[in-house]
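Enquirer: These protein sequences, in sequence, are chains A and X.
For the first sequence, position 66 matches number 66 in the UniProt record's numbering, and the numbering has no gaps at all.
For the second sequence, position 124 matches number 124 in the UniProt record's numbering, and the numbering has no gaps at all.
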Amino acid sequence: MRVVVDLNRCQAYAQCCYAAPERFVLQGDEILAYDPAPPAAERAAIDRAVQACPVRAIRVEHDGPAERAA
Amino acid sequence: MRDGTIVVAGASLAGLHGAEALRRGGFAGRLILVGDEPHRPYDRPPLSKHVLTGEVDAGATTLPGVGTLDAEWRLGVPAAGLDRAGRALLLADGTRLPFDRLLIATGARARPWPQADEARLSGVHTLRGRDDAAALAAGLAARPGRVLILGAGFIGGEVASSIRALGLPVTVVDPEPAPLARALGRVLGGFMAGRMEASGVDLRPGARVARLEGDGAGRVRAAHLADGGTIEADLVVVALGAVRNTAWLAGSGLSADEGGLSCDGACRALDEAGRPDEAIFAAGDVARFPHPLYGGRPVALEHWGNAVAQGAHAARAMLDGPEAAGAYAELPAFWSSQFGLNIKSLGLTEEADAVAIVQGDPRTGRFLAVYGREGRTIAAVAVNAGRWLPAYEAPIRDGAPFPPITGGADQPSPAPVPPGLPSAQAA
Ligand SMILES: Cc1cc2nc3c(=O)[nH]c(=O)nc-3n(C[C@H](O)[C@H](O)[C@H](O)COP(=O)(O)OP(=O)(O)OC[C@H]3O[C@@H](n4cnc5c(N)ncnc54)[C@H](O)[C@@H]3O)c2cc1C
Ligand code: SF4
């Protein structure tokens with residue numbers, strides 16, 4: 001899975017951190033650290049994070065069939 | 001245009017977003033992305049931040065979109081030249097790729113240490129790509145006795161922050177009087193200097209490294225300062241800014257140099273006489289374009305958001321023509337994170353003649369600074385105050401009077417002071 005966050009847009013609302021706490025964390029007051037390559041098993045949590053972000057800053061692409069097989 | 005062949009030179013952020021926008025816009029023809037790196041497009045901002053601290057793997061930042069993009073990839077082979085009359089891109093392996101439209105998105109590279117023999121010493125690093133980040137991370141894993149960073153710009157600061165997080169001793173040398181002074185001025189730079197020193201950085205503003213010295217085995221061991229001092233360091237990061245990847249365009253007749261490839265507001269590349277080439281476009285770090293908000297002054301940005309937006313703008317201009325696309329006028333925006341601070345900027349601070357802290361207070365580590373020029377608002381920078389920033393977008397776009405009238409009871413008096421930018425000093 002590939003994830004990128006538009007950190008110009010991100011306003012550190014931390015909704016993603018509640019939705020997928022293993023993959024998104026706020027460091028200090030408003031620095032968002034995230035895993036750009038979460039395991040496929042976390043798909044549901046990552047999708048929740050994408051949906052939860054109030055400014056639509058998170059983009060995800062799920063693995064294609066070839067990657068899933070690998 | 002919806003058919004034919006579009007070639008993208010440079011397979012990174014701007015190239016990917018341009019290519020995706022072409023498909024979104026209905027381009028049904030052949031789409032080829034050429035990249036000199038062997039990697040599919042990946043994200044660079046984490047490379048100086050969470051990759052160096054070990055929280056993210058250097059190879060993990062491949063960008064979403066690469067999996068579903070309907071395109072042919074030519075990776076690991078550089079574009080070596082351009083046949084403009086014949087409308088073909090020439091690759092280093094001898095391949096000739098004819099195109100109907102070409103998007104040039106070859107970005108920039110780290111400016112190398114000028115003395116080539118010293119730059120080759122083992123332990124001397126630059127940081128631009130994921131392989132650089134992996135090499136630097138490996139060097140840090142060997143726990144060097146001291147890391148020396150040449151340059152206190154954004155990348156130098158982020159690298160210093162990451163390396164302090166690893167607990168390693170760091171010295172930062174920069175000829176300017178304060179870190180980030182070239183971008184943000186000495187007022188904010190002075191605040192950053194305090195943060196860096198509180199984090200344990202040995203900061204040497206106003207100093208210049210004249211020479212790097214190797215040991216007998218070809219490994220760097222020290223740097224000699226212009227004023228005679230010596231700093232012993234077994235790992236050196238050269239963070240002296242970027243140069244645009246335009247050398248391969250030499251002889252093409254396009255107006256290009258180390259500062260960028262000139263283009264017009266519709267992203268069309270300009271020839272040496274300043275005429276737009278109808279078939280060749282540029283986007284991202286490589287593009288030098290007239291910004292309508294700043295008097296049409298040509299600017300070349302090194303901002304993630306610009307690569308994304310300009311790639312998409314070039315695609316629109318390719319598909320629907322320059323008139324339909326209009327002039328690219330995205331408000332420049334970037335972020336940086338270092339020393340626990342989230343720094344976000346809107347507009348261009350260069351050429352500012354005054355700065356005012358209008359919200360918050362540097363003493364609390366949370367504030368917003370507005371930059372003005374000749375009584376107009378031109379830029380704003382938020383430090384750990386990202387949510388205050390969007391309110392300044394309209395004043396910057398409108399060139400609202402500076403200093404802005406805010407008047408909140410908890411706000412300091414926004415007495416403007418000179419920002420201490422090198423350009424303003426010279427003026
Ligand atoms: C370490 C680091 C941290 C950053 N942090 C931030 C940040 O926090 N915030 C922010 O806003 N911006 C940041 N940036 C800037 C941002 O990453 C860039 O603005 C962005 O990558 C520009 O994208 P681009 O596609 O225009 O160029 P690039 O990403 O430079 O990509 C150009 C691509 O073209 C390739 N290429 C070059 N010459 C040729 C050739 N002749 N033929 C084929 N391919 C070629 C290059 O190898 C590269 O793959 C950072 C950059 C770096 C390096
Ligand atoms: S939910 Fe969105 S805005 Fe909030 S921290 Fe996550 S990415 Fe940023």
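The C-beta atom is built at its ideal place from N, Cα and C for all residues, glycine as well.
1) Which residues in chain A sit within 8 Å of residue 55/X, going by Cβ to Cβ distance?
2) If we count the other Cβ atoms within 10 Å of its Cβ and call it buried at 16 or more, is residue 20/X buried or exposed?
3) DSSP on residue 364/X, reduced to helix/strand/coil?
4) Note down, in chain order, every chain X residue with its Cβ under 7 Å from the Cβ of residue 61/A.
5) Given that residue 335/X touches chain A, what residues does it touch there, using C-beta distances under 7 Å?
6) Ends of the alpha helix (DSSP H) at residue 154/X?
7) Compare the C-alpha of residue 284/X against each of 213/X, 332/X, 176/X and 70/X and name the closest.
8) Under three-state DSSP, which class holds residue 271/X?
9) Closer than 7 Å: is that where the CB of residue 15/A sits relative to any heavy atom of ligand 2?
10) Pull the bridge partners of residue 17/A from the DSSP assignment, please.
11) Just to confirm before moving on: does the CB-CB distance between residue 269/X and residue 250/X stay below 8 Å?
12) What is the rounded straight-line gap between the Cα of residue 353/X and the Cα of residue 279/X?
13) Looking at the structure shown, is residue 50/A part of a helix, part of a strand, or coil, going by DSSP?
14) Kindly say whether residue 253/X, judged by its beta-carbon, lies nearer than 8 Å to any beta-carbon of chain A.
15) Could you name the residues of the same chain whose beta carbon sits closer than 6 Å to that of residue 344/X, not counting the 5 residues immediately before and after it, in chain order?
16) Taking Cβ-Cβ distances shorter than 8 Å, what residues in chain A pair up with residue 60/X?
17) Across which residues does DSSP place residue 370/X in a beta bridge pair?
18) If you count every other CB in all the chains shown that lies within 10 Å of the CB of residue 30/A, and 16 or more means buried, which is it?
19) As a quick exercise: from 273/X, 351/X, 266/X and 232/X, pick the residue whose alpha carbon is nearest that of residue 256/X.
20) Determine, using beta carbons only, whether residue 11/A comes closer than 8 Å to chain X.
21) Comparing C-alpha positions only, which one of 157/X, 33/X and 165/X sits nearest to residue 179/X?
22) Can you list the beta strand (DSSP E) stretches of 3 or more residues lying completely in the stretch 230-294 of chain X, in chain order?
23) With DSSP run on the structure shown, which of helix, strand or coil describes residue 38/A?
24) Start and end of the alpha helix (DSSP H) containing residue 322/X?
25) Measuring CB to CB, does residue 436/X end up less than 8 Å from residue 290/X?
26) Would you identify the three-state DSSP class for residue 27/A, choosing helix, strand or coil?
27) From residue 247/X to residue 77/X, what does the alpha carbon distance come to, in whole angstroms?
28) How about residue 30/A: is its C-beta nearer than 8 Å to some C-beta of chain X?
29) If we cut at 8 Å on Cβ distances, does residue 4/A have a partner in chain X?
30) Sorted by chain position, which residues of the same chain lie with C-beta nearer than 6 Å to residue 61/X's C-beta, five sequence neighbours on each side aside?
31) So the beta strand (DSSP E) residue 96/X belongs to, where does it begin and stop?
32) How should residue 364/X be labelled, buried or exposed, when 16 other C-beta atoms within 10 angstroms of its C-beta is the threshold for buried?
33) Return yes when the Cβ of residue 149/X is within less than 8 Å of the Cβ of residue 239/X, no when it is not.
Expert: In short, the structure shows the following:
1) Within the second sequence, numbered from 1, the residue matching residue 55/X stands at position 55. Per Cβ cutoff of 8 Å: 33.
2) Residue numbering aside, residue 20/X sits at position 20 when the second sequence is read from its first letter. Result: buried.
3) Counting from one through the second sequence, the residue named residue 364/X turns up at place 364. Residue 364/X: helix per DSSP, three-state reduction.
4) Along the first sequence, one-based indexing puts residue 61/A at 61. Result: 64, 65, 67 and 68.
5) The sequence position of residue 335/X within the second sequence is 335, counting from 1. Neighbours of residue 335/X on chain A, chain order: 7 and 8.
6) Mapped onto the second sequence, residue 154/X falls at position 154. 154-165 is the extent of the alpha helix (DSSP H) around residue 154/X.
7) Taking the second sequence and counting its residues from 1, one reaches residue 284/X at position 284. Out of 213/X, 332/X, 176/X and 70/X, 332/X has the C-alpha closest to the C-alpha of residue 284/X.
8) Position 271 of the second sequence, counted from the start, is the residue given in the question as residue 271/X. The answer is strand: DSSP assigns residue 271/X an E or B state.
9) As a position in the first sequence, residue 15/A is number 15, starting the count at 1. Result yes, Cβ under 7 Å from ligand 2.
10) Position 17 of the first sequence, counted from the first residue, corresponds to residue 17/A. Residue 17/A is not bridged to any residue.
11) What you label residue 269/X is simply residue 269 of the second sequence in a count that begins at 1. What you label residue 250/X is simply residue 250 of the second sequence in a count that begins at 1. Cβ atoms of residue 269/X and residue 250/X: not closer than 8 Å.
12) Residue numbering aside, residue 353/X sits at position 353 when the second sequence is read from its first letter. Residue numbering aside, residue 279/X sits at position 279 when the second sequence is read from its first letter. Using only the alpha carbons, I get a separation of about 40 Å.
13) Along the first sequence, read from residue 1 onward, the residue named residue 50/A stands at position 50. It is helical.
14) By one-based count along the second sequence, residue 253/X stands at place 253. No, residue 253/X does not count as interfacial toward chain A.
15) Here residue 344/X refers to the residue found at position 344 of the second sequence. If we look at residue 344/X and ignore the five residues flanking it on each side, its Cβ neighbours are 335, 382, 386 and 389.
16) On the second sequence, position 60 is the one that residue 60/X refers to. Going along chain A in sequence order, the residues near residue 60/X (Cβ under 8 Å) are 35, 36 and 37.
17) Looking up residue 370/X in the second sequence gives position 370. DSSP output for residue 370/X lists 356/X and 380/X as bridge partner(s).
18) Start at 1 with the first residue of the first sequence, and residue 30/A comes out as number 30. Residue 30/A should be labelled buried.
19) The residue you call residue 256/X lines up with position 256 of the second sequence. It is 273/X whose Cα lies nearest to the Cα of residue 256/X.
20) Position 11 of the first sequence, counting from 1, holds the residue named residue 11/A. Yes - at least one Cβ of chain X is within 8 Å of the one on residue 11/A.
21) The residue labelled residue 179/X in the question sits at position 179 within the second sequence. The candidate whose alpha carbon is nearest that of residue 179/X is 157/X.
22) 230-232, 235-238, 242-244, 260-262, 268-270, 276-282 and 287-291
23) Here the question's residue 38/A lines up with position 38 in the first sequence. In this structure, residue 38/A counts as coil in the three-state DSSP scheme.
24) By 1-based counting over the second sequence, the position of residue 322/X is 322. Start and end: 322-325.
25) Since the first residue of chain X shown is 1 and the last is 427, residue 436/X is not available in this structure.
26) Residue numbering aside, residue 27/A sits at position 27 when the first sequence is read from its first letter. Strand.
27) As a working note, residue 247/X is residue 247 in the second sequence. As a working note, residue 77/X is residue 77 in the second sequence. Using only the alpha carbons, I get a separation of about 15 Å.
28) Counting from 1 along the first sequence, the entry for residue 30/A is found at position 30. With 8 Å as the cut-off, residue 30/A counts as an interface residue toward chain X.
29) If you number the first sequence from 1, residue 4/A lands on position 4. With 8 Å as the cut-off, residue 4/A counts as an interface residue toward chain X.
30) The sequence position of residue 61/X within the second sequence is 61, counting from 1. Cβ neighbours of residue 61/X beyond the five flanking positions: 42, 43 and 46.
31) One-based indexing of the second sequence puts residue 96/X at position 96. Element bounds for residue 96/X: 96-98.
32) Counting from one through the second sequence, the residue named residue 364/X turns up at place 364. Exposed: under 16 other Cβ atoms inside 10 Å.
33) As a working mapping, residue 239/X is identified with position 239 in the second sequence. As a working mapping, residue 149/X is identified with position 149 in the second sequence. It is a contact, given that the beta carbons lie within the stated cut-off.
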